[in-house]
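Going line by line, the protein sequences match chains Y and H. Number 212 in this note's numbering belongs to position 212 of the first sequence; there are no gaps in the numbering. Number 1530 in this note's numbering belongs to position 530 of the second sequence; there are no gaps in the numbering. For every residue, glycine included, the Cβ atom is placed at its ideal position computed from N, Cα and C. Let me begin by presenting the structure, written as structure tokens, before commenting on it.
Number of protein chains: 2
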Amino acid sequence: MSNTVRSTTRTVSKKKTNGYQVIGTRPIRHDGLDKVTGRALYGADVRLSGMLHGRILRSPHAHAIIKSIDTSGAEALPGVKAVVTARDLPALSDKIADLGEGAVNLRDLSTNVLAAGKVLYHGHAVAAVAATSPHIAEEAIQLIRVGYEVLQPVLDVRAAMKPGVPLLHPTLTMESLGKKTNRVSNVASHSQMKKGDVARGFQKADVVLEREFQTATVHQGYIEPHNATAQWNADGSVTVWCSTQGAFITRSQVAELLKLPVSRVRVVPMEIGGGFGGKIQVYIEPVAALLSRAAGRPVQITMSRAEVFMGTGPTPGSYIRVKMGATGEGRLVAAEAYLAYEAGAFPGSPVGAGAMCIFAPYNIENVLIDAYDVVVNKPRTSAYRAPGATNAAMASETVIDELAEQLRMDPLDFRLKNGAQEGDTRADGPAFARIGYLETVQAAKAHAHASAPLEGRCRGRGVASGFWMNYGGQSSAVANVNPDGTLTLVEGSTDIGGTRASAAMQAAEVLGLRAEEVRPLVGDTESIGYTEVTGGSRTTFATGWAAYEAAQDVKRQMIERAAKLWEITAADVDFADATFTNRKEPSKKMTFKEVAARLGETGGPVVGRAAVHPSGVGVAFATHVVDVEVDPDTGKVTLLRYTAVQDAGRAIHPSYVEGQMQGGVVQGIGWALNEEYAYDGQGRMINASFLDYRMPTSLDLPMIDTVIVEVPNPGHPYGVRGVGEVPIVPPPAAIANAIYRAIGVRMRVLPMSPRRILEALGKA
Amino acid sequence: MSNTVRSTTRTVSKKKTNGYQVIGTRPIRHDGLDKVTGRALYGADVRLSGMLHGRILRSPHAHAIIKSIDTSGAEALPGVKAVVTARDLPALSDKIADLGEGAVNLRDLSTNVLAAGKVLYHGHAVAAVAATSPHIAEEAIQLIRVGYEVLQPVLDVRAAMKPGVPLLHPTLTMESLGKKTNRVSNVASHSQMKKGDVARGFQKADVVLEREFQTATVHQGYIEPHNATAQWNADGSVTVWCSTQGAFITRSQVAELLKLPVSRVRVVPMEIGGGFGGKIQVYIEPVAALLSRAAGRPVQITMSRAEVFMGTGPTPGSYIRVKMGATGEGRLVAAEAYLAYEAGAFPGSPVGAGAMCIFAPYNIENVLIDAYDVVVNKPRTSAYRAPGATNAAMASETVIDELAEQLRMDPLDFRLKNGAQEGDTRADGPAFARIGYLETVQAAKAHAHASAPLEGRCRGRGVASGFWMNYGGQSSAVANVNPDGTLTLVEGSTDIGGTRASAAMQAAEVLGLRAEEVRPLVGDTESIGYTEVTGGSRTTFATGWAAYEAAQDVKRQMIERAAKLWEITAADVDFADATFTNRKEPSKKMTFKEVAARLGETGGPVVGRAAVHPSGVGVAFATHVVDVEVDPDTGKVTLLRYTAVQDAGRAIHPSYVEGQMQGGVVQGIGWALNEEYAYDGQGRMINASFLDYRMPTSLDLPMIDTVIVEVPNPGHPYGVRGVGEVPIVPPPAAIANAIYRAIGVRMRVLPMSPRRILEALGKA
């Protein structure tokens, strides 16, 4: 088609051209203009008549018993319309609910929203106020008197596991290998994955290395703070407008926490300024609802940046120990890992996912992984882009690098020798379908970057790989044919990284339309069927699939309409390239537009619908190459060049795949070099601002080159795997490996900040 | 079901109980709470950042040539951001487009929106301004200088038809019996309907009466004035929020007038405070769009009440002549009618519909009807509840009354003798399917009102019948199953009279849910498939049918899910009363809720969809009985008692059927007794306010008793006919007949105001 531009220059594909008309092209995203012109509406843009402003009072202590809360001062302040505390939340049982993104303990969720009995981290929400202005609300929360009995905080995962330390939850008993024990501690669970016999495996190894690692607590750093506007209606139903990765999971959580049927809660997802996993758990949504119920007016709460850092879920700091063994010929024979992740104030770190990922790129016969989920006095963690995998890869991929070094093998060749392929099994069980890991390593090796000379002092090149499982889940879509032959597509996925475009393109491909001829719309919980979160790299995969199926449903009906106009049977109608052909008289043709213009006379509108829960999720692999220069005087690491290779399965919109890859790399770089939650001796966070919590800016970054490998996922009609998560996994390890090549020091603690580099150089 | 209340006390049904669980019950309407608590959002509630306020400059003359428009004064006023005139509208051809509610001449539509060359009525829009405040906009339109050459106006339909009168459109040639002629006049068209041989028919008659009638121009009088907010987007698309009876027809009109593809126009229907046919044509929507394009900011225009009267479409004044003949035994043998309706400034009065309705309740062998569509210097007429039929029934139903009198027959018995039945044909062709006209007459006769004594001076009882064709048209619906077993129902029909409820109830009936368990939502043009206007009594019929089909689609899928859970085939699953039964093991049962809770594990969400364009539209008949008292000193008519009987086919929600009946009667009473557009000698409307345009208030009205007759429409799954329009048809004739019984004077000019009654009494 003349009006689309096919770009394959940076794509390594099995085919020279991908055989599609829309898929693989780069149209302007449908929501682009709205966003660059300021027309797009975000949660903080919501304005309702009589709307009040809410503010949250947060704990100044990391660990304390709440002895008393006196809200009378706040209630007496003119302009204050409602004050709520945990007493206003329904009592919830210890029920574990699957709300669509893993199991959640409802009582924990509730107690995180408003602290009951104890505060468990600095910034834990204690009470909330709604007032006629944000300033009055701010003043009012200062008038709430909370009596605390301050306790010793526990801030480090290894310290928290020691006997005799203060306990966050005096009734928390450990789950061990799937079974509840009587052991009361800060360790919420211990799980294990096993394959082969590691002891025997290590016996076969000629080289065995065992190393220890620590990673810091880091935040997703989305640009838009959390916000929620709630209106409690006269009939006891509630409407919530908010920034969420998934309206339906927000609906589920609000319904569970307020003990309402889900059909009494309507969630309207506004545009979202980033989420990365951090906008799945609810924080202020139920509080805004409670305030609205109490005040009888709509209430809006928006977080400050400090509240985002202190009161929402970062990804855990962790302690990891890895032991790996290889034969002299470079064959990996055994791997063992011990992972302990900080869950924050409540159980639920992604340590299980870390364990599933840590050795996944490699076909190793004998594997043993122990994973510990540990509570500490930090904010309850939440998902962050391939949650748990980056911590794990920092450990395994630097050990792989060290093994290759000791075996005098090129690190990419070492990976090619041991890399997982179709049919290989992971330590957690599943065998891989067709995967593209080796293709990413080959593409990295073939890239000019891998062989480019790197001269100069204190410079080094590192490589690392990464793995992520991806997720499928449920999605719905509805497609309506307009009389001008265009399509509207209603789907339920919050659009973070261009998924309106990637869903619309999959529908367009089915019908031979241009991407622009499909107008995607994100519905709320009452206007579209159940759809899980935009997360897990699932949206282009599953919601795109729903769009594909809805378009197929449209196609079937349009063929029937063409048949009706020709007075033949549907079986005698061919459809290709947006054109219907009469098989009985092949000279008779009608375009999609022509048939669309005549729907009124052939039976009325055409509405296509689909709902999917696909099983053939395609896993994702990435291999990164990075060049660094280390300043030995300051310890500062400068990135000189970065190349990210990734198997996308099929890149629906290559620009947005590249954008995901670049974005993931940037976050991985921040995690590698600078980002960390800093605490004082009392467990108070001391860097809750973008000035002090150092994320990379464009000035800190080189151009991040991307190579999309396309090994189609056999489990998706177009081969989509999902691309959002895996690019964050390799960067810290790749950079650590590059730093080693630059200055001869193996860094094993994140972030590899100037101070740590200097310390390491001093030691070396 | 224990929690629904079945009310059949006032329903005359073929069955004692209707056999349904939800249909025929009276749940609280789903939008009721939102509306009574002020939460529902109407067009004037729309607030967008940077929004400007638009005002329209209107012609002070009824008929004039525009010599010049100087907008420089307005443009120079600080705060004015845009000024537009007809020059800003694209030139349109004389194309007749079917925009979903009858044929529309696009150039006329455009010229009505902003006058080009000539102004054709007092209040015709000439220019528009957008400014930062409504006050500045108001000031600015006063600064626009328009040079007019004033022409003689033509205000009466018969005067307009005379040779030599001023012509509104010097190029308008008459269409006669479907063919264009060369005759230039104010007569836009003459059409004819013929059946049998009237001359021969009248020869058989023993009694022949011929009478003349006039009816006044009257307005729908909806409580909410027109409003439109438009945002012209950076990509050339436009979004319009407005008060409309149909978002899709507004989209079509805006697209045609601005020469945009329909997919570039998004129309968001806000709640609507009444329409009655008057909110189908666009007036300010394209103007707001033009202003927004010019200003680069959103623009909102709201009309004042005076603008609504002067600038939107009332229903036509008319001149009608009726001649009818009957045998001495009371058999109607011939009927002839001449109808001339005022189209207002552009062709398109509902005279054709009037002609179709005028004799439709009766089986008459010989009929001849001539219908004339005539332009006059009044606002372009638009639809108003059974458009054209009330005028016609005023004529035919008073002649029927007079014939019965002369034949010394009871007027209801006369109707029973001549009433149309299944198989009888209308003058315009179609034969009736099963209809319930005679049943309405029988029910009226059986009602206590018909035989109640009516004593006292100047009191009289009148009866009259009415007919309306009803309409089918296209509707779409999508239904989503929630995990708690409730359903959301997205449909495209603006809810004016409770159609969220009547659509939801039809879906609920299919699935055995309660009405409250289906949450209906009205989508905009991008979130639901094509759906025609809420009008033509079509919404409960066609959108309800779409809801029924969408629920059937859900049912089929839910049966498959139950089969999957039981590991049997769908054919082995029974579904009844919201319960699935395993035919293989009939003791195994699952509720709808249980299966709904397990959709995730059985294949994902269930989305049902439907689009319909039904053909089996059921026509509507009504028979009314009214008692009046006339004050011979003042001419004031007081209504003592009113009973309206109507065949609803099937009353989905009897309360809203009754509401439609009562509302139609009230409007018919206003039309009968007081309402009329009053003009001065220059054709300027002099009563454009609710103080001077006298609509009935509750103090003017008796309790309006309603009797729902249910003769199911064989063309609808539940027998629905549509109920909104026909109740406005009988009142003027019934009241005229009652006045005759009270004071012995046959009133043949509407309104039958005190002045006219006194005049008539003086003459008598």
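Contact check, residue i vs residue j under 8 Å by CB: the rounded distance?
i	j	result
P1314 (chain H)	Y1677 (chain H)	6 Å
P605 (chain Y)	V481 (chain Y)	7 Å
V1367 (chain H)	G1196 (chain H)	6 Å
G1670 (chain H)	M1695 (chain H)	5 Å
Which class does residue i belong to by DSSP, given the choice of helix, strand or coil?
i	result
F276 (chain Y)	coil
D627 (chain Y)	strand
G43 (chain Y)	helix
M1161 (chain H)	helix
G659 (chain Y)	helix
I728 (chain Y)	helix
L332 (chain Y)	strand
S68 (chain Y)	strand
Y1437 (chain H)	helix
E1585 (chain H)	coil
Y1693 (chain H)	coil
F575 (chain Y)	strand
V1154 (chain H)	coil
L788 (chain Y)	This structure cannot settle anything about residue 788 (chain Y), because the visible part of chain Y is limited to 1 through 764.
A563 (chain Y)	helix
R741 (chain Y)	helix
P520 (chain Y)	strand
V749 (chain Y)	strand
I1735 (chain H)	helix
Does the beta carbon of residue i come closer than 8 Å to any beta carbon on chain H?
i	result
R519 (chain Y)	yes
P483 (chain Y)	yes
N233 (chain Y)	yes
G600 (chain Y)	yes
H613 (chain Y)	yes
A610 (chain Y)	yes
G603 (chain Y)	yes
N480 (chain Y)	yes
V595 (chain Y)	no
Q253 (chain Y)	no
E526 (chain Y)	yes
Verify whether the separation of the beta carbon atoms of residue i and residue j is less than 8 Å.
i	j	result
V626 (chain Y)	L673 (chain Y)	no
T525 (chain Y)	V267 (chain Y)	yes
D1206 (chain H)	A1326 (chain H)	yes
P1430 (chain H)	V1308 (chain H)	no
Q1203 (chain H)	I1369 (chain H)	no
Check whether chain Y comes within 8 Å of residue i, counting only Cβ atoms and requiring the distance to be less than that.
i	result
L1513 (chain H)	no
L1033 (chain H)	yes
S1476 (chain H)	yes
- Of all the beta strand (DSSP E) runs that stay within the bounds of the segment 1442-1513 of chain H, which reach a length of 3 or more residues? Listed in chain order, the beta strand (DSSP E) elements of length 3 or more contained wholly in the segment 1442-1513 of chain H are 1459-1468, 1475-1481, 1487-1491.
- Task: Please specify which runs of the beta strand (DSSP E), each continuous and at least 3 residues long, are wholly inside the segment 205-253 of chain Y, giving them in chain order.
- Result: For the segment 205-253 of chain Y, whole beta strand (DSSP E) runs of length 3 or above, ordered along the chain, are 207-215, 227-232, 238-242.
- Message: Ignoring anything shorter than 3 residues, give me the beta strand (DSSP E) runs that lie fully in the segment 1313-1401 of chain H, in order along the chain.
- Response: Annotation note: the segment 1313-1401 of chain H contains the following uninterrupted beta strand (DSSP E) runs of length 3 or greater, listed N- to C-terminal: 1318-1326, 1332-1344, 1366-1375.
- Query: What residue ranges within the segment 588-627 of chain Y form continuous alpha helix (DSSP H) runs of no fewer than 4 residues, ordered along the chain?
  - Reply: With a minimum length of 4 residues, the continuous alpha helix (DSSP H) runs that stay inside the segment 588-627 of chain Y are 592-596.
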